[in-house]
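*Asks:* FYI, the numbering for the sequence shown is 11 to 272, going by the working numbering.
If you scroll down you'll find the structure; I have some questions about it.
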Amino acid sequence: MTDNQATDARINPMRLGYNSRFKFKCHPGISCFTQCCRGINIILTPYDVIRLKKRLDLPSDQFLAIYTEPHLLEKTDLPMVTLKHLDDEQESCPFVREDGCIVYEDRPTACRYYPLGVASLQHKEGADDDGFFFFINEPHCKGFEEDCDWTVAEWRKDQAVDERDAVNAEWTDLVVRKRSFPPNIKLTEQAKQMFFMVSYNVDKFREFVFGSTFLKRMPVDPETEAQLKTDDVALFKFGVKWLKGLLFKDRDPHEQAAAQKE
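Below you can see the structure in the form of structure tokens.
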């Protein structure tokens with residue numbers, strides 16, 4: 011969020027689970043329509059990038075250059091991207107117009123969750139059966155005054171975040187795992203570049219897989235190889251499994267810390 015929103019927005023400290031109920035509806039008829047699309051930093055997940063670059067018919071590197079800004083994710087030292095603002099006074103999302111979002115069907119996960127926030131990044135099945143969500147209460151938002159009742163689970167299904175969380179699940183768990191490492195455990199710049207490529211530049215990763223000796227070192231069956239040539243989601247998931255071995259080598263972070271002291 012911007013500094014102004016960080017000051018004005020209220021985070022409800024109450025923990026919400028999947029069965030928690032709330033009232034909310036956003037539509038063009040309310041006075042605050044599209045205000046939540048301005049002055050906010052939207053973190054993009056890997057699946058967000060895949061959907062948006064396909065929607066815009068752009069290769070990954072062009073989409074990243076035009077529409078995103080790189081950052082390091084807090085407490086992980088891992089690269090991530092946010093949606094680049096328009097150069098206007100309101101720091102608007104590049105896809106928002108007065109009558110709504112022009113990429114609504116492929117809008118980012120963060121937009122779909124709103125007005126909910128996710129307090130836990132871990133999405134493995136059974137990791138947190140009750141979920142951990144909270145409200146982002148912005149004073150300008152009139153959506154809470156609408157008489158439309160939801161449970162958190164119903165909202166997630168309606169907004170199709172279940173599908174997106176499922177695609178990103180192993181990647182999210184990888185990020186959570188890195189966050190648990192001691193601060194002195196740092197990734198090399200090359201490792202960060204590999205993480206960024208697999209996470210966001212799926213077209214470049216495909217070139218890497220098929221234009222090098224990668225598949226000789228990590229052979230796959232012919233059916234999988236054919237799928238990886240055309241299916242961005244399958245390639246991304248394949249890349250995450252490879253990243254886990256590359257970045258962590260299945261070693262406990264405390265064992266790695268001890269090894270560095272030797």
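Even glycine gets a Cβ: it sits at the ideal position worked out from N, Cα and C.
In this text, all values refer to a predicted model and were calculated from it rather than measured experimentally.
Would T223 be called buried (16 or more neighbouring beta carbons within 10 Å of its own) or exposed?
*Replies:* On the sequence shown, residue 223 is found 213 positions in, with the first residue counted as 1. T223 should be labelled exposed.
*Asks:* So, for L74: in the same chain, excluding its five sequence neighbours on each side, which residues have a beta-carbon less than 7 Å away from its beta-carbon?
*Replies:* The residue given as residue 74 occupies position 64 in the sequence shown. Answer for L74: V91, Y210 and N211, listed in chain order.
*Asks:* By the three-class DSSP mapping on this structure, what secondary structure does G110 have?
*Replies:* On the sequence shown, residue 110 is found 100 positions in, with the first residue counted as 1. Of the three classes helix, strand and coil, the one that applies to G110 here is strand, per DSSP.
*Asks:* Where do the ends of the beta strand (DSSP E) carrying E79 lie?
*Replies:* Taking the first residue of the sequence shown as 1, we reach residue 79 at position 69. Unbroken beta strand (DSSP E) run through E79: T78 to L83.
*Asks:* Check the C-beta distance from G110 over to P193 and give it rounded, since I have them as a contact under 8 Å.
*Replies:* Stepping through the sequence shown from its first residue, residue 110 is reached at position 100. Stepping through the sequence shown from its first residue, residue 193 is reached at position 183. Their Cβ separation, rounded to whole angstroms, is 43 Å, which puts G110 and P193 out of contact at 8 Å.
*Asks:* Excluding the 5 residues flanking L184 on each side, which residues of the same chain have their C-beta closer than 7 Å to its C-beta?
*Replies:* Translated into positions along the sequence shown, residue 184 becomes position 174. Around L184: V250, L253 and K254.
*Asks:* Tell me which same chain residues have a C-beta within less than 8 Å of the C-beta of S30, skipping the five on either side of it?
*Replies:* Here residue 30 is taken as the residue at index 20 of the sequence shown, counted from 1. For S30, where only same-chain residues beyond five positions count, the Cβ hits under 8 Å are F143, T161 and V162.
*Asks:* In angstroms, rounded to a whole number, what distance separates the CA positions of L256 and L88?
*Replies:* Numbered from 1 along the sequence shown, position 246 holds the residue referred to as residue 256. Numbered from 1 along the sequence shown, position 78 holds the residue referred to as residue 88. Their Cα atoms are separated by approximately 14 Å.
*Asks:* For F205, does the three-state DSSP call read helix, strand or coil?
*Replies:* Counting from 1 along the sequence shown, the entry for residue 205 is found at position 195. In this structure, F205 counts as helix in the three-state DSSP scheme.
*Asks:* According to DSSP, is T55 part of a helix, a strand, or is it coil?
*Replies:* Translated into the one-based positions of the sequence shown, residue 55 becomes position 45. Residue state for T55 is assigned as coil, using DSSP reduced to three classes.
*Asks:* Over the uninterrupted beta strand (DSSP E) stretch that includes N147, give me the two end residues.
*Replies:* Here residue 147 refers to the residue found at position 137 of the sequence shown. Its beta strand (DSSP E) spans residues F143 to N147.
*Asks:* Between R107 and the rest of its own chain, which residues show a CB-CB distance below 6 Å, the 5 nearest in sequence each way excluded?
*Replies:* Stepping through the sequence shown from its first residue, residue 107 is reached at position 97. Hits under 6 Å: none found.
*Asks:* May I ask you to report which of helix, strand or coil DSSP gives D159?
*Replies:* As a first step, residue 159 is located in the sequence shown; it is residue number 149 there, counting from the start. Three-state result, D159: strand.
*Asks:* Should S41 be labelled buried (16 or more other beta-carbon atoms within 10 Å of its own) or exposed?
*Replies:* Looking up residue 41 in the sequence shown gives position 31. S41 sits exposed, since fewer than 16 C-beta atoms from the chains shown fall within 10 Å of its C-beta.
*Asks:* Is the separation between the beta-carbon of E148 and that of C46 shorter than 8 Å?
*Replies:* Stepping through the sequence shown from its first residue, residue 148 is reached at position 138. Stepping through the sequence shown from its first residue, residue 46 is reached at position 36. E148 is a Cβ neighbour of C46, given a cutoff of 8 Å.
*Asks:* Okay, do the segment 55-63 and the segment 110-128 touch, 3+ Cβ pairs below 8 Å being the bar?
*Replies:* yes
*Asks:* What is the DSSP secondary structure of R48, counted as helix, strand or coil?
*Replies:* Stepping through the sequence shown from its first residue, residue 48 is reached at position 38. Strand at R48.
*Asks:* Just list the residues that DSSP pairs F32 with in beta bridges.
*Replies:* As a position in the sequence shown, residue 32 is number 22, starting the count at 1. Beta-bridge pairing links F32 to W160.
*Asks:* Using three-state DSSP, classify S190 as helix, strand or coil.
*Replies:* Translated into the one-based positions of the sequence shown, residue 190 becomes position 180. Looking at S190 - three-state DSSP - the assignment turns out to be coil, as it is neither helix nor strand.
*Asks:* Would you list the residues sitting across from G8 in a DSSP beta bridge?
*Replies:* Beyond the ends of the chain as shown, which are 11 and 272, falls residue 8; an answer cannot be given.
*Asks:* Skipping 5 residues on each side, what residues in its chain have a beta carbon closer than 6 Å to that of G127?
*Replies:* Against the sequence shown, residue 127 aligns to sequence position 117. Once the five neighbours on either side are set aside, the close Cβ partners of G127 are F144 and I146.
*Asks:* For the alpha helix (DSSP H) that contains P89, what are its first and last residues?
*Replies:* Looking up residue 89 in the sequence shown gives position 79. Element bounds for P89: not the alpha helix (DSSP H) but the beta strand (DSSP E), L88 to L93.
*Asks:* Give the range of the alpha helix (DSSP H) segment to which Q237 is assigned.
*Replies:* By one-based count along the sequence shown, residue 237 stands at place 227. Here the alpha helix (DSSP H) through Q237 covers P232 to T240.
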